[in-house]
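Undergrad:
Residue numbers (our numbering): 480 to 725.
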């Protein structure tokens with residue numbers, strides 16, 4: 480990232496959540512089936528968020544720059560939690576993506592969850608720190624920690640970026656993702672796995688990604704007294720970034 484440059488980012492996300500009660504007792508399944516308020520149907524939700532990110536002057540010794548990201552548009556599932564004007568602050572090292580560690584949101588559980596989510600968007604995109612030839616793969620292992628709802632969602636994600644081609648200006652990578660889930664601190668034992676695939680376009684001149692697309696599926700099992708409920712979450716995420724001078 481560079482001082483005097485604006486990074487205008489658009490993130491669009493569509494999610495589906497399906498609950499499966501097949502492993503429960505017949506008596507409980509019948510009760511849920513006859514309860515119109517039971518959460519036993521597919522749910523769909525979406526969001527669209529736009530933001531602008533700017534850097535300050537680099538440190539003379541390390542090159543590290545202060546960075547701030549401001550939400551300029553937010554619709555859908557996260558609109559109430561992340562209103563327009565919300566700003567996140569952090570730093571960015573040369574050749575890396577920004578790391579956000581504070582926000583102007585009111586302190587509380589919701590603030591912690593939103594800050595963690597923004598952090599994970601940045602750390603969830605790998606920028607290879609080694610020279611690659613077409614067909615070679617760069618692998619990154621990412622621990623993700625999101626607090627919320629009295630629980631602490633811990634995930635360990637392994638992402639493989641395979642260089643598919645490049646030009647003087649851009650490079651294209653295929654992405655393969657696998658992960659495991661551990662809901663530490665939950666009142667119910669919850670385990671799960673995640674897998675996905677996608678593509679990233681990287682601007683070689685700006686040293687920044689200009690687009691990512693990722694399809695993911697997460698499967699969770701919740702065990703309550705021998706009754707197991709399966710939750711399947713499908714996610715399609717598109718991120719586009721326009722880079723321009725101030």
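We treat Cβ as the ideally placed atom computed from N, Cα and C, and that holds for glycine.
Computed from a predicted model, the values in this text were never measured in an experiment.
Who are the near neighbours of residue 569 in its chain, counting only those whose CB is closer than 6 Å to its CB and skipping five residues on each side?
TA: 546, 577, 578, 579 and 580
Undergrad: Within its chain, find whatever has a CB closer than 8 Å to the CB of residue 648; leave out the 5 residues flanking it on each side and keep chain order.
TA: 682, 683 and 684
Undergrad: Using only the alpha-carbon positions, how far apart do residue 692 and residue 624 sit?
TA: Taking the straight line joining both Cα atoms gives about 22 Å.
Undergrad: Output needed for residue 645: all residues of its chain with C-beta closer than 8 Å, excluding positions within five of it in sequence on either side, in chain order.
TA: 613, 651 and 683
Undergrad: Evaluate residue 530 with the Cβ neighbour count: other Cβ atoms within 10 Å of its Cβ, from every protein chain shown; 16 or more gives buried, anything less gives exposed.
TA: buried
Undergrad: In terms of residues, what are the limits of the beta strand (DSSP E) holding residue 533?
TA: 522 to 534
Undergrad: Under the rule that 16 or more other beta-carbon atoms within 10 Å means buried, what is residue 673, buried or exposed?
TA: buried
Undergrad: Measuring CA to CA, which of 484, 492 and 497 is closest to residue 697?
TA: 497
Undergrad: Compute the Euclidean distance between the alpha carbons of residue 622 and residue 522, then round it to the nearest angstrom.
TA: Straight-line Cα distance between these residues: approximately 28 Å.
Undergrad: Alpha carbon to alpha carbon, what distance is there between residue 495 and residue 661?
TA: 21 Å
Undergrad: Using a Cβ-Cβ cutoff of less than 7 Å, which residues in the same chain neighbour residue 573 once the five nearest sequence positions on both sides are dropped?
TA: 542
Undergrad: Let's see if you can read the secondary structure: which residues bound the beta strand (DSSP E) around residue 545?
TA: 544 to 555
Undergrad: In this structure, what does DSSP give as the bridge partners for residue 723?
TA: 485
Undergrad: What residue does the beta strand (DSSP E) around residue 480 start on, and which one ends it?
TA: Unbroken run through residue 480: none, as it is neither H nor E.
Undergrad: Between residue 551 and residue 563, which are expected to be in contact by the criterion C-beta below 8 Å, what is the C-beta distance as a whole number of angstroms?
TA: 6 Å
Undergrad: Could you tell me which residues DSSP puts in a beta bridge with residue 659?
TA: 635 and 672
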